[in-house]
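In numbering that gives the first Met the number 0, the protein residues as written are 0 to 323.
Virtual Cβ for every residue (Gly too), placed ideally from N, Cα, C.
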Amino acid sequence: MTLRAVVKGVGHYLPERVVPNSEFEATLATSDEWIRTRSGIERRHFAAEGETTSDMAHKAAVKALEHAGLSVDDIDAIILATSTPDLTFPSVATMVQGKLGMNHGFAFDVQAVCAGFVFALTTANAMILSGQAQRILVIGAETFSRIMDWSDRSTCVLFGDGAGALVLAAEEGTGKVSDRGVLSSDLNSDGRYREMLYVDGGVSTTGESGKLRMQGNQLFRQAVEKLASTAETALAKIGLSGQDVDWIVPHQANLRIIAATAARMDVPMERVVVTLQDHGNTSAASIPLALSVGHQRGQIKTGDLLVVEAIGGGLAWGSAVLRW
Ligand code: ACO
């Protein structure tokens with residue numbers, strides 16, 4: 000028998016305020032048409048004043064627990080991916096732990112920007128397989144609206160806020176790829192690319208949280224190449240290829256990146272979960288949001304083989320293969 004970390008529940012939360020592309024036309028030299036055709040984004044949600052990353056993460060976690068039919072008493076740990084924490088410390092994960100009324104176990108944040116959820120999922124899987132924990136809440140949550148430079152049309156129209164959560168639990172499998180659960184993963188980073196995507200502030204530099212800066216077109220080229228290669232590497236580790244995949248659930252940054260990556264993997268767009276038209280790029284929240292919405296839409300079903308893949312600041316990128 001082989002231990003597996005299996006998805007038992009999924010949930011998400013999106014803030015109430017929906018901002019259509021047209022809203023940016025009033026303040027920036029941009030258009031709904033440019034944003035739609037260059038990125039695929041049509042609208043995004045922005046957190047309300049006073050609404051924080053931990054508030055959204057908490058709401059997504061409650062939904063995932065409900066879906067799993069479990070309570071906080073059943074959970075051993077919370078691993079939360081974010082680059083937009085409420086405070087420098089404590090971690091958002093411990094804030095969510097407090098909001099859930101969970102007075103046991105452990106909680107910590109993972110920071111790998113847009114790839115954060117893949118890193119958190121891989122960490123949670125490793126902890127379950129090593130016996131460190133039996134059931135883990137894995138959350139991605141972001142308020143990127145708080146690190147936007149609203150005068151920079153090349154970035155501020157692309158991002159949104161939200162949160163998604165999974166409950167992962169230990170279950171005995173057969174060791175074959177027909178098992179449910181996380182089957183493989185592939186993580187990478189390369190600090191030489193730091194200038195491509197970063198925030199121009201921080202605790203030990205400016206003392207302020209800073210604003211996002213991105214060399215979009217250079218990142219675009221890196222993204223297509225690295226996303227296809229990490230996904231193929233994770234699949235090859237277990238003897239599979241794009242043809243075996245029921246759903247690619249990609250980081251939702253740009254529809255052209257998503258389509259080019261799927262084409263490289265020989266996976267038709269009918270087998271790709273796309274939510275960025277409604278959410279924009281929600282960084283570490285984008286994959287768990289897409290998993291939750293894809294499940295709600297009836298696209299992702301029990302037994303389906305999924306590849307999740309993401310790239311973000313660092314650069315950091317990676318993928319995981321899981322059977323839902
Ligand atoms: N409205 C109108 N024009 C615009 C806008 C806008 N909102 N933004 C940029 N432009 C202009 C530029 O100024 C440029 O004008 P110029 O030719 O006169 O200089 C022109 O449009 C083309 O700009 P590019 O940057 O070359 O446009 P591109 O086709 O590359 O699209 C985009 C830009 C959407 C940012 C794309 O490059 C992209 O999605 N890049 C990848 C982003 C990504 O993957 N991020 C991943 C991780 S995010 C994270 O980790 C936080």
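DSSP places Thr204 in the coil class of the three-state scheme, outside both helix and strand. Annotation: Val91 to Gly68 spans about 24 angstroms, alpha carbon to alpha carbon. In the DSSP assignment, Arg322 forms a beta bridge with Gly180 and Leu304. For Ala76, the uninterrupted beta strand (DSSP E) run begins and ends at Ala76 to Ala80, by DSSP. C-alpha of Ile286 to C-alpha of Leu79: approximately 13 angstroms in a straight line.
Rounded to the nearest angstrom, the gap between the Cα atoms of Met94 and Lys62 is 17 angstroms.
Around the beta carbon of Pro84, a 10 Å sphere encloses 16 or more other beta carbons of the protein chains shown; the residue is thus reported as buried. Beyond the five residues adjoining it in sequence on each side, Gln110 comes within less than 8 angstroms, by CB distance, of Ala80, Thr81 and Ser82 in the same chain, given in chain order.
At least 7 angstroms separates the beta-carbon of His44 from that of Lys98. Just measuring C-alpha positions, the residue of Leu2, Arg37 and Arg322 sitting nearest Arg152 is Arg37. Beta-bridge analysis with DSSP links Ile127 to no other residue. Relative to the non-hydrogen atoms of the ligand ACO, the Cβ of Phe219 comes within a distance shorter than 6 angstroms of at least one. Per DSSP, the continuous alpha helix (DSSP H) segment holding Leu226 begins and ends at Gly215 to Lys236. Between the stretch 301–311 and the stretch 240–255 there are three or more inter-stretch CB-CB distances shorter than 8 angstroms, so the stretches are counted as touching. In the DSSP assignment, Gly97 falls outside any beta strand (DSSP E) and within the unbroken alpha helix (DSSP H) covering Val91 to Leu99. Asp31 carries a helical assignment under DSSP once its states are collapsed to helix, strand and coil. Check the Cα spacing between Gln276 and each of Thr122, Lys225, Asn20 and Thr26: the tightest is with Asn20.
Cβ neighbours of Met126 within its own chain (closer than 6 angstroms, five residues either side excluded): Ala132. Not a single heavy atom of the ligand ACO lies less than 6 angstroms from the C-beta of Arg193. Per DSSP, Leu64 is one residue of the alpha helix (DSSP H) stretching across Thr52 to Ala67.
Here Glu170 is bridged, per DSSP, to Arg3. Taking a contact to require three or more Cβ pairs closer than 8 angstroms, the stretch 265–272 and the stretch 206–216 do not qualify as touching. Collapsing the DSSP output to three states places His11 in a strand. Distance from the CA of Arg263 to the CA of Leu234, rounded to the nearest whole angstrom, comes to 14 angstroms.
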